[in-house]
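Student: Please read through the structure below; I'll follow up with questions.
2 protein chains.
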Amino acid sequence: MASNEKVNSHGQTEKEFLAAYNPYKYERPSVTVDMLIFTVTDAKKRNYRTLPDKELKLLLIKRGEHPFIGQWALPGGFVKMDESLEQAAVRELKEETNIDSIYMEQLYTWGEADRDPRARIISTSYMALADSSTLEVVANDDAADAKWFSVQCKLFQEHRTLTGTGYEQQRLYKLKLACEGEKDLEAVIKKVKTVSGRTVRTYGSIEECSGIAFDHAGIIEYALERLRSKIEYTDIAFNLMPELFTLTQLQQVYEVILDTELLKANFRRKTAHMVIETNQYTKDAGHRPSKLYRFNTDWNKENE
Amino acid sequence: MASNEKVNSHGQTEKEFLAAYNPYKYERPSVTVDMLIFTVTDAKKRNYRTLPDKELKLLLIKRGEHPFIGQWALPGGFVKMDESLEQAAVRELKEETNIDSIYMEQLYTWGEADRDPRARIISTSYMALADSSTLEVVANDDAADAKWFSVQCKLFQEHRTLTGTGYEQQRLYKLKLACEGEKDLEAVIKKVKTVSGRTVRTYGSIEECSGIAFDHAGIIEYALERLRSKIEYTDIAFNLMPELFTLTQLQQVYEVILDTELLKANFRRKTAHMVIETNQYTKDAGHRPSKLYRFNTDWNKENE
DNA sequence: GCAAAAGTGTTAATGTTACACCCATGC
DNA sequence: GCATGGGTGTAACATTAACACTTTTGC
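Read top to bottom, the protein sequences are chains E and R.
Under full-length UniProt numbering, think of the first position of the first sequence as 1, with each following residue one higher.
Under full-length UniProt numbering, think of the first position of the second sequence as 1, with each following residue one higher.
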């Protein structure tokens with residue numbers, strides 16, 4: 001369907017409408033969705049007794065074309081004219097992982113004019129969370145250019161300068177993405193907060209970056225921040241869990257995302273109302289068997 | 001600059017790039033920013049003794065053209081090809097209120113394919129908060145088609161149906177916008193949460209709407225929800241306060257946004273660390289003078 | 001004096017943090 | 001027996017919610 005054949009509900013062709021309303025005529029940005037698909041997997045057991053460590057993983061695609069050829073990028077693609085942003089995100093998710101109906105939320109829309117060297121592209125990022133047991137088959141199916149990278153992001157420098165009317169706070173985060181058989185990807189992201197009188201302004205920038213395409217390092221950092229804060233006050237973490245899980249597994253997922261150690265007794269009290277006990281147990285674990293739980297979808301019936 | 005003259009950093013014209021990368025050729029959406037500019041103002045005093053009530057206000061523009069002619073819409077406009085989304089938002093803010101450098105944050109990007117009857121338009125919404133003392137002059141300057149509406153949004157119906165594998169929860173919110181000399185604007189927004197097994201899905205829709213253009217009623221409801229939740233754990237409310245304020249005024253702002261009554265003593269303890277006492281007092285108030293405070297920009301020095 | 005709001009103190013309930021301890025399993 | 005994790009109890013402390021009370025002003 002050519003653009004100038006489209007007649008809208010007011011008897012205008014799209015061309016007529018745009019000529020009247022859009023000062024930029026046919027020069028319009030392209031819109032894409034960028035998908036941040038996270039999961040949590042087990043690292044290798046150190047010996048027969050220990051539990052495996054958990055790793056937070058993110059799906060990346062190796063670019064086969066310029067620009068950033070050979071570098072890794074978030075999966076995603078153009079939004080079609082007849083589908084909503086969310087439909088586009090669901091479609092991309094299905095294409096990449098072959099799963100529909102997993103948790104997904106819109107994160108942020110990235111609109112710097114020069115973020116893509118080819119043309120003006122505005123990208124809305126979506127975060128999806130999946131239970132790794134559902135995914136494993138698919139990951140192998142995929143072409144060799146889609147891989148799960150383990151994700152780590154740490155604050156490694158912080159400094160604060162007083163100015164006449166306030167202060168400027170600068171923080172440097174190091175993002176590390178690793179995948180067996182691939183070079184490690186690294187980026188340094190700077191976040192600056194300027195307080196001058198009553199006005200507070202914040203902005204971020206990518207200071208160093210190796211192997212990560214476009215501004216995707218910044219997008220990944222943003223998603224991790226969101227994930228970290230939302231895990232504290234929502235039930236978002238259960239989207240990363242299998243149907244049945246032990247409380248220690250749940251705690252490990254919290255720990256790998258928050259990057260802290262939590263106290264077992266306190267963690268169990270805090271999450272008690274979000275889980276339902278089953279009468280099943282793990283076995284052959286090299287230590288005492290543990291009870292399996294499932295997510296209690298009704299935990300916040302009253303509040304929200 | 002015509003679109004096909006633009007040569008990018010890889011020696012392609014934009015036309016060549018899009019032919020290769022974009023399956024939709026030249027058919028691309030338009031992108032706009034929609035601005036939600038909030039402020040809090042005083043209603044009329046009931047008598048010489050009482051304090052004025054606070055009202056949460058939102059700036060709306062009367063549409064002079066089809067579609068939705070005569071109805072009220074959020075201010076906003078097209079994103080130019082050489083400016084970022086945020087620059088576009090700042091520009092629109094300046095055009096509407098003549099203010100730069102007030103608090104602003106990106107809210108959400110609205111991408112339903114049919115949300116504008118004329119053509120495919122994707123809109124990123126930004127919320128801005130302003131202290132009304134800075135604004136009052138400008139509001140009068142503006143053309144008669146821009147007005148501040150008082151905003152109210154209440155949950156008025158809730159119901160829950162059990163399904164085989166979970167439940168469906170439905171909530172109806174009534175949004176009311178009022179402005180002296182204008183008809184009241186009203187909308188009913190439905191939010192549905194479907195829990196089926198472990199998968200939770202949420203979506204919203206506008207059920208009834210009178211006088212509010214496009215899908216803007218839903219955008220306003222979304223912004224109010226964000227404002228309400230952020231006021232609880234950030235210092236966002238101080239963007240609505242003048243330089244100097246009393247603790248009761250601050251409490252009133254919290255109350256009008258949260259739509260509850262708060263206990264004075266407890267409110268003061270909770271906000272104590274975010275304010276700095278001055279040695280100034282209000283006077284001629286018909287009751288005991290009260291101390292004026294200012295925002296303490298350093299309140300979260302350690303934490304965040 | 002009195003209405004209205006400013007401002008402070010107290011107590012009970014609740015939630016959080018840190019730590020200590022016992023239990024069950026596989027080798 | 002012992003390493004490893006499963007699972008529970010408790011005391012100190014911090015936070016919150018509800019209420020009661022005193023102070024200061026303009027008319």
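All C-beta atoms in this analysis are idealised placements derived from N, C-alpha and C, irrespective of residue type, glycine included.
Remember, predicted model here, so these are calculated numbers, not experimental data.
Please state the DSSP three-state secondary structure of S205 of chain E.
Tutor: Reading the first sequence from its first residue, position 205 is the one you call residue 205 of chain E. Strand, per DSSP.
Student: Flag I99 of chain R as yes if its beta-carbon sits less than 8 Å from any beta-carbon of chain E, otherwise no.
Tutor: Position 99 of the second sequence, counting from 1, holds the residue named residue 99 of chain R. Answer no: the Cβ-Cβ gap between I99 of chain R and chain E never drops below 8 Å.
Student: Any idea what DSSP makes of A223 of chain E, helix, strand or coil?
Tutor: Residue mapping note: residue 223 of chain E aligns to position 223 of the first sequence, counting from 1. Residue state, collapsed to three classes: helix.
Student: Note down, in chain order, each residue of its chain lying with its Cβ closer than 6 Å to the Cβ of V256 of chain R, except the 5 sequence neighbours on either side.
Tutor: Within the second sequence, residue 256 of chain R is the residue found at index 256, counting from 1. Excluding sequence neighbours, V256 of chain R sits near K54, L56.
Student: Would you mind listing the alpha helix (DSSP H) stretches within the UniProt domain "Nudix hydrolase" (28 to 174) of chain R that are 4+ residues and don't spill past its ends, in chain order?
Tutor: Qualifying alpha helix (DSSP H) stretches, in chain order: 85 to 97, 132 to 141.
Student: What are the boundary residues of the beta strand (DSSP E) that Y291 of chain R is part of?
Tutor: Position 291 of the second sequence, counted from the start, is the residue given in the question as residue 291 of chain R. It should be pointed out that residue 291 of chain R corresponds to Lys in this sequence rather than to Tyr. Counting along the chain, the beta strand (DSSP E) containing K291 of chain R begins and ends at 291 to 295.
Student: Could you work out which residue in E:F267, E:T297, E:T260 is closest to I276 of chain E when comparing CA atoms only?
Tutor: By 1-based counting over the first sequence, the position of residue 276 of chain E is 276. Selected option, being the one with the closest Cα: E:T297.
Student: Comparing C-alpha positions only, which one of R:A285, R:L224, R:I231 sits nearest to K174 of chain R?
Tutor: Taking the first residue of the second sequence as position 1, residue 174 of chain R is located at position 174. Answer by Cα proximity: R:L224.
Student: Is there a C-beta anywhere in chain R that falls below 8 Å from the one on Y108 of chain E?
Tutor: Taking the first sequence and counting its residues from 1, the one referred to as residue 108 of chain E is at position 108. Closer than 8 Å to some Cβ of chain R, the Cβ of Y108 of chain E qualifies, so yes.
Student: Would you call the stretch 198 to 210 of chain R and the stretch 234 to 249 of chain R in contact, with 3 or more CB pairs under 8 Å?
Tutor: No, the stretch 198 to 210 of chain R is not in contact with the stretch 234 to 249 of chain R.
Student: Taking the straight line between their C-alpha atoms, what separation do you get for K301 of chain E and V192 of chain R?
Tutor: Along the first sequence, one-based indexing puts residue 301 of chain E at 301. Along the second sequence, one-based indexing puts residue 192 of chain R at 192. Each residue's Cα considered, the two are about 14 Å apart.
Student: Mind pulling the chain R residues with CB within less than 7 Å of D82 of chain E?
Tutor: As a first step, residue 82 of chain E must be located in the first sequence, where it is residue number 82. Those are A113, listed as they occur along chain R.
Student: Using C-beta distances below 6 Å, list every residue in its chain close to K264 of chain E, excluding the 5 sequence neighbours before and after it, in chain order.
Tutor: Taking the first sequence and counting its residues from 1, the one referred to as residue 264 of chain E is at position 264. Result list for K264 of chain E: empty, nothing under 6 Å.
Student: Once the 5 residues before and after T202 of chain R are set aside, which same chain residues still bring their CB inside 6 Å of it?
Tutor: One-based indexing of the second sequence puts residue 202 of chain R at position 202. Cβ neighbours of T202 of chain R beyond the five flanking positions: K193.
Student: Would A73 of chain E pass as a contact of H216 of chain E if the rule is Cβ separation under 8 Å?
Tutor: Residue 73 of chain E sits at position 73 when you count from the first residue of the first sequence. Residue 216 of chain E sits at position 216 when you count from the first residue of the first sequence. Yes, the Cβ-Cβ distance between A73 of chain E and H216 of chain E is below 8 Å.
Student: Show which residues of chain E have a CB atom less than 9 Å away from the CB atom of residue 326 of chain R.
Tutor: Absent from the model: residue 326 of chain R. The displayed extent of chain R is 1 to 304, so no value can be given.
Student: Determine the burial state of Q280 of chain R: buried for a count of at least 16 other Cβ atoms within 10 Å of its Cβ, exposed for fewer.
Tutor: By one-based count along the second sequence, residue 280 of chain R stands at place 280. Counting Cβ neighbours within 10 Å, Q280 of chain R comes out exposed, since fewer than 16 surround it.
Student: Is it true that the CB of W148 of chain R sits closer than 8 Å to the CB of L58 of chain R?
Tutor: Along the second sequence, one-based indexing puts residue 58 of chain R at 58. Along the second sequence, one-based indexing puts residue 148 of chain R at 148. Contact: yes.
Student: Per DSSP, what kind of secondary structure is T271 of chain R in: helix, strand or coil?
Tutor: As a position in the second sequence, residue 271 of chain R is number 271, starting the count at 1. If DSSP states are grouped into helix, strand and coil, T271 of chain R belongs with the helices.
Student: Start and end of the alpha helix (DSSP H) containing E255 of chain E?
Tutor: Taking the first residue of the first sequence as 1, we reach residue 255 of chain E at position 255. It spans 247 to 258 - the alpha helix (DSSP H) in which E255 of chain E sits, taken as one unbroken run.
Student: If the criterion is Cβ atoms closer than 8 Å, does the pair P75 of chain R and E86 of chain R meet it?
Tutor: Against the second sequence, residue 75 of chain R aligns to sequence position 75. Against the second sequence, residue 86 of chain R aligns to sequence position 86. No, they are not a contact pair.
Student: So which residues on chain R does V200 of chain E lean against when the C-beta distance must stay under 8 Å?
Tutor: For this step, residue 200 of chain E is matched to residue 200 along the first sequence. Simply Y103, T297.
Student: Does L240 of chain E come out as helix, strand or coil in the three-state DSSP assignment?
Tutor: Taking the first sequence and counting its residues from 1, the one referred to as residue 240 of chain E is at position 240. Looking at L240 of chain E - three-state DSSP - the assignment turns out to be helix.
Student: Taking only beta-carbon positions, decide if P29 of chain R is within less than 8 Å of chain E.
Tutor: Here residue 29 of chain R is taken as the residue at index 29 of the second sequence, counted from 1. Answer yes: the Cβ-Cβ gap between P29 of chain R and chain E drops below 8 Å somewhere.
Student: Rank E:F245, E:W299, E:K283 by C-alpha distance to the C-alpha of K270 of chain E and give the top, closest one.
Tutor: The residue you call residue 270 of chain E lines up with position 270 of the first sequence. The candidate whose alpha carbon is nearest that of K270 of chain E is E:W299.
Student: Could one say the Cβ of R226 of chain R lies closer than 8 Å to chain E's Cβ atoms, at least one of them?
Tutor: If you number the second sequence from 1, residue 226 of chain R lands on position 226. Closer than 8 Å: no.
Student: List, in chain order, every chain R residue whose beta-carbon is nearer than 8 Å to that of G166 of chain E.
Tutor: Your numbering for residue 166 of chain E matches position 166 in the first sequence. The answer, in chain order, is T297.
Student: Roughly how many whole angstroms lie between the Cα atoms of E186 of chain R and I69 of chain R?
Tutor: Sequence index remark: in the second sequence, residue 186 of chain R carries index 186 (1-based). Sequence index remark: in the second sequence, residue 69 of chain R carries index 69 (1-based). Approximately 17 Å, taken between the alpha carbons.
Student: For chain R, is any of its Cβ atoms less than 8 Å away from the one on R120 of chain E?
Tutor: Against the first sequence, residue 120 of chain E aligns to sequence position 120. So yes, R120 of chain E belongs to the interface.
Student: S290 of chain E to N266 of chain E, Cα distance in whole Å?
Tutor: As a first step, residue 290 of chain E must be located in the first sequence, where it is residue number 290. As a first step, residue 266 of chain E must be located in the first sequence, where it is residue number 266. So the alpha carbons of these two residues sit roughly 17 Å apart.
Student: First and last residue of the beta strand (DSSP E) that includes K193 of chain E?
Tutor: Here residue 193 of chain E corresponds to residue number 193 of the first sequence, with the count starting at 1. Where K193 of chain E is concerned, the enclosing beta strand (DSSP E) stretches over 185 to 196.
Student: For the 8 Å Cβ check, are there 3 or more pairs between the stretch 246 to 253 of chain E and the stretch 158 to 177 of chain E?
Tutor: These segments do not touch.
Student: Helix or strand or just coil, what does DSSP make of L213 of chain E?
Tutor: Taking the first residue of the first sequence as position 1, residue 213 of chain E is located at position 213. Looking at the sequence shown, residue 213 of chain E is not Leu but Ala. Here A213 of chain E sits in coil by DSSP.
Student: If we cut at 8 Å on Cβ distances, does E243 of chain E have a partner in chain R?
Tutor: On the first sequence, residue 243 of chain E is found 243 positions in, with the first residue counted as 1. At least one chain R Cβ lies under 8 Å of E243 of chain E.
Student: Check the Cβ-Cβ distances between E86 of chain E and every residue of chain R, and say whether any is below 8 Å.
Tutor: On the first sequence, position 86 is the one that residue 86 of chain E refers to. Interface residue, yes.
Student: What is the rounded straight-line gap between the Cα of T282 of chain E and the Cα of L244 of chain E?
Tutor: Your numbering for residue 282 of chain E matches position 282 in the first sequence. Your numbering for residue 244 of chain E matches position 244 in the first sequence. Answer to the nearest angstrom: the Cα atoms are 10 Å apart.
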